Every structure is written in structure tokens, then in C-alpha cells.
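Asks:
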Amino acid sequence: MKVRSRYERNSSYWYHVQTLSCVRNLDSVALDELQEILLKRELDTFVNDKDFYDRIGIPYRRGILLYGKPGTGKTSLINAISSHLSRDTYYLNLKTISDDNELSAAFSSVPANQIIVLEDVDTQSKVLHKRTKKSSSFFSTIESLSIDKKDNTGPSGLNGPMGPSLFSKFSLSTFLGCLDGNILAEGNIIIMTTNHVEHLDPACIRPGRMDVHLDLGYCTHYQIRKMYKTISENPKAEFPKDILEKIPERLLPPCEVMMTMVLYRNDIHLIPEKIYELILKYKDMSPEEIARQMEEEALREAQRISEESEENKEEVNGEVKDENKDEKDEAKDENEEKKEEVKDENQEKKEEAKDEVKDENKNEKDEVKDDKEKKEE
């Protein structure tokens, strides 16, 4: 099996981030049963349909939109699709894009038969947000004040919300052109994820750009049973029916169910009871309240990771600073030692030279004395 990699984009090129595990595939994630069937069929059809695309003359690309509340497995599903197709993933963050040319370059430079990922796309740029008549009028007014109107044109050459504004770095029209696939290498799949599909401009997610829409919700009984089989590593294992019937469908977030099962994987018999206990946590909460809590927990976790990263950075900087100080102190000590050695050597040389001069003077005196004595005789 091919070794897969994850790539990310900086301002000018894609760079390797990590090597991905090859053990995950579509069977490792628990989708709603109908969604599971739909996704497998769509992926298999796309992979085997290149001749059809060539024959009718449309770009050989696919768009998949994964949307739903936090904790429903969007990121895990991306990894599973990548593993199922043995393809690398190219994660693009639109916040790093400086202009239309850079956006086009990012999409067009991905090799053929790979997966381009735009995760939480609604948070990456307001260019992709749905425009109301009021906001469109506002943007048009702002754009009309732009100094260089040549850089502010939409697809028809007119100023408007399809062109870049003072608040964006690239235009919606260029982004839509990238999704259309005319500049993509053949066989690429674009996956967009969002927690708020209602925020996105309909032009971004219509068929032909995002061809497959999967609304990932909270757990059905089918998903709970499948996760239980996966964790127990026994395809014949069955989640107790009497407990399952007491669990309301679409109440429990898949991430909570999976993590509970993972924690108790060495005590399989406890899992049904622990899953049932999750009902007490969520039974009095609406789906919106659960989603809000999941988002808050995700933000806290992101904040914790960020703080840990800063602490590690400060710790590393401190270690480097200490190492530099130690090196300076060592260098200083070495210099002092060398100075002392040179000083001692110079002193020895002076003493030796002094003794030599003294001896020479004594010898000369002795010779003069001897000569004098000889003359007197």
C-alpha cells in the first residue's frame, strides 16, 4: 500500500508535514448507513469514470462537502477517504493566500489524483460567505471607492462582490474558477468542511463544484453498533439491544461515543453502560446547546494547545539562552586560561632571557679578569 503524506501550503509552495497512517479506511469510520453507501458508491464511480469525463469534455475532478455540528467526524472522514483511495492530502488555508494569482497557483500546483482539503472553510475567508442584498450593496459602494478599479472586477469586468474588495485578498470569482476544475490536475478531489453551511455562498457549494453533500449528524443506532464492532475487533459483536433502545438517536456526538469506547476498550462489558451514562450528560440539552458546548470545548482545547506551544517555545528559548550563556562563560574562561598561559610563558621567557644575559655578562667579566691576570704575570 502506498505511503501517504499530508502537505500544507506556505506563501509559495507545498511542503511535507507528516506521513499518514495507512490503517484507516472507510470501514474505520461510522457514518449513517445511507451516507456510507452513497460515499462508497460516489468514490468508486469517480475513480473508474475517467473515460466518461474525457468523452463528454468536462474536468475530471470531484467536490465533496462535509458539514454538520462539531464532533461529528469530519476530519476523521477526510483521513478515511484519503486512506481508502491511497492519496495524499493537501491542506490549503485561505488565510495565507495574498491574491488571485497565488490562489490559482496553489490549486494548479497540486499533482494529479490527490485530495485538496479546505477545513472549516467558512472561518478562513469572508469572501466565501453568503451575500445579502444589503451586504452586496455595501461591498459595491466600498469597491467603487477603490483607487485601482482594474483590480476590482468581477467575471463580467464590472465592479461588484465577485471581485476582490478592500476586505479580501482574493476574489470569489477566482475561487469559484478553481472549484470548477479547469486549472486542476486530472483526478483531484476537493473536500470542504464547515460547521455552518448556512454561512457559505450558494455558488461555492452548488453541484458541479461540491457534487456530494454529507450532513454529518449525531449518532444513529447503526453508528453506535458499528463503532462497538470496530472497538471490540469482533465483526459479530453486538451492542446490547435493551440498552441501545434506551438511547435516543441523534443525541450523542460521535466523538464522545468513540472516545468513551476507546477508554473502556479493555473492559468491553462496561462500554454499553458508559455510553448510556452519556445520556444523562446530554438529555436536557438541545442539539444547538450540545453543538455550542462542543465548540467551546474545541476552543478551550485549541487554546490549551496554543498555550502549551508558547510555553514550549519559551522553554526552548530559555534553554537556548542558557546554552548561549554557558558557551559564553566557557569561552570567557578559556580566554582567561589562555591569557594566564601566555602570561606565564612570557614571564618564563623573560626570566630565561634575563638569566642568559646575566650568564653572558658573568662570562665576559671572568674573561676580562683572566686576561688581566695573565698580563700582570
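According to the numbering used here, the sequence shown holds residues 13 to 389 in order. All C-beta atoms, glycine included, are put in the ideal place defined by N, C-alpha and C. Predicted, not measured: the structure shown is a model, and the values here were computed from it.
S95 bridges to which residues according to DSSP?
Replies: Paired residues: none, contrary to the question.
Asks: Where do the N-terminal and C-terminal ends of the alpha helix (DSSP H) with I287 fall, by residue?
Replies: I287 -> alpha helix (DSSP H) spans I283 to Y294.
Asks: Tell me the start and end of each unbroken alpha helix (DSSP H) in the segment 310-377 that is at least 4 residues and wholly inside, in chain order.
Replies: DSSP runs (the alpha helix (DSSP H)) wholly in the segment 310-377: none.
Asks: Closer than 8 Å is the cut-off here; do at least three beta carbon pairs connect the segment 122-141 with the segment 84-95?
Replies: A contact exists between the segment 122-141 and the segment 84-95.
Asks: Mind checking which residues open and close the beta strand (DSSP E) that includes G75?
Replies: Unbroken beta strand (DSSP E) run through G75: R74 to Y79.
Asks: Relative to the alpha-carbon of A118, which residue among E320, K377, E309 and R21 has its alpha-carbon at the smallest distance?
Replies: When each option's Cα is compared against that of A118, the closest is R21.
Asks: Whole angstroms are fine: how far does the CA of T242 sit from the CA of K181?
Replies: Each residue's Cα considered, the two are about 45 Å apart.
Asks: Measure the beta-carbon distance from S116 to I195 and round it to whole angstroms, keeping in mind my assumption that it falls under 8 Å.
Replies: The Cβ separation is near 6 Å, so the contact holds.
Asks: Looking at L55 and the ligand ATP, is the gap between the Cβ and the nearest heavy atom below 8 Å?
Replies: Ligands displayed in this structure: none; no statement on the ligand ATP is therefore possible.
Asks: Less than 9 Å separating the beta-carbons of D279 and N207?
Replies: No.
Asks: Is D237 helix, strand or coil by DSSP?
Replies: It is worth fixing the name first, because residue 237 is Arg in this sequence and not Asp. If DSSP states are grouped into helix, strand and coil, R237 belongs with the helices.
Asks: Going along the chain, which residues of its own chain have a beta-carbon closer than 8 Å to the beta-carbon of T84, five neighbours each way excluded?
Replies: Excluding residues within five positions, the ones whose Cβ falls inside 8 Å are L228, G229, Y230, P265, P266 and C267.
Asks: By how many angstroms is the C-alpha of D334 removed from the C-alpha of I76?
Replies: For I76 and D334, the distance between alpha carbons rounds to 51 Å.
Asks: Express the C-alpha separation of N200 and Y19 in angstroms, rounding to a whole number.
Replies: Each residue's Cα considered, the two are about 14 Å apart.
Asks: Rounded C-beta distance between W26 and S98? I'm assuming under 8 Å.
Replies: Between S98 and W26 the Cβ distance is about 19 Å, and since that is not below 8 Å, they are no contact.
Asks: Can you look up Q30 in the DSSP assignment and give me helix, strand or coil?
Replies: Strand, per DSSP.
Asks: Could you tell me which residues DSSP puts in a beta bridge with I201?
Replies: I201 pairs with R74 and I127.
Asks: With the cut-off set at 9 Å, would you say T101 and S17 are in Cβ contact?
Replies: The answer is yes: Cβ separation under 9 Å.
Asks: Could you give the DSSP three-state label for R67: helix, strand or coil?
Replies: Three-state DSSP puts R67 in a helix.
Asks: Which residue wins for smallest C-alpha separation from G189, given the options A249, N113 and A343?
Replies: Closest by alpha carbon: N113.
Asks: So, with DSSP's three-state summary, where would you put S17?
Replies: Strand at S17.
Asks: Could you tell me if L184 is buried or exposed, where buried requires 16 or more neighbouring beta carbons within 10 angstroms of its beta carbon?
Replies: The residue is buried, with at least 16 neighbouring Cβ atoms inside 10 Å.
Asks: Quick one: give me the first and last residue of the alpha helix (DSSP H) that T84 is part of.
Replies: Premise fails: T84 is in no alpha helix (DSSP H) and is neither H nor E.
Asks: Three-state secondary structure (DSSP) at E385?
Replies: The answer is helix: DSSP assigns E385 an H, G or I state.
Asks: Near I217, what residues of its chain come up, given a Cβ to Cβ distance below 6 Å and the 5 sequence neighbours on each side ignored?
Replies: Once the five neighbours on either side are set aside, the close Cβ partners of I217 are L77.
Asks: Rounded to whole angstroms, what is the Cα-Cα separation between M306 and K81?
Replies: Rounded to the nearest angstrom, the two C-alpha atoms are 8 Å apart.
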